[in-house]
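Structure (structure tokens):
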């Protein structure tokens, strides 16, 4: 029933706006079932609370990594975590516990990817300093010209 609900909800939202909801329900269910069943957790972890918790942790930033996602799910003992939380009376916090373990393995799903440092232009030894300065000034002027054009287009709209 939970998988049927995912199918219905995602397909309905996708009909409304394909750009905002690009993932099809079938794809999400296949990934969910593979994340639980085909990892070290096995068929014993195919229970409603575990499926809900794993589904809540399936961020695009993590699932787009493919095999790294499945390896991370191998390292998360879903049944052990669920049993521990149930013994403590905290089974409603299962999603948070799984997300914490996945964050330790895969990193934060919300932080932006590390940007490469911008390379600073270095003057080639065969170019004179006057020519180099002139080229840098032309690049600055071109950048300013593009910025002004962008502003005028925005103001016209």
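Residue numbers (the working numbering): 1129 to 1285. In this text, a Cβ means the ideal position worked out from N, Cα and C, and glycines have one as well.
Residue 1138 places its beta carbon 8 angstroms or farther from that of residue 1159.
If you look at residue 1130, you'll find it in the alpha helix (DSSP H) that goes 1130-1144. By the neighbour-count criterion, in which 16 or more other beta carbons inside 10 Å mark a residue as buried, residue 1129 falls on the exposed side. Taking a contact as a CB-CB distance under 8 angstroms, the pair residue 1207 and residue 1167 does not count as one, their CB atoms being some 11 angstroms apart. Rounded to whole angstroms, the Cβ separation of residue 1219 and residue 1210 is 7 angstroms, and the two are in contact under 8 angstroms. Each residue's CA atom was taken as its position, placing residue 1187 and residue 1260 some 47 angstroms apart.
From the listed residues 1200, 1244, 1203 and 1133, the smallest Cα separation to residue 1176 is found for 1133. Across the set 1135, 1170, 1202 and 1147, the C-alpha of 1135 shows the shortest separation from the C-alpha of residue 1155. In this structure residue 1236 is exposed. Its beta-carbon is surrounded by fewer than 16 other beta-carbon atoms within 10 angstroms. In the displayed model, residue 1218 falls within coil according to three-state DSSP, outside both helix and strand. Each residue's CA atom was taken as its position, placing residue 1223 and residue 1143 some 28 angstroms apart.
Comparing alpha-carbon positions, the option among 1251, 1204, 1148 and 1215 lying closest to residue 1165 turns out to be 1204. Per DSSP, residue 1192 lies in no alpha helix (DSSP H) and is assigned neither H nor E.
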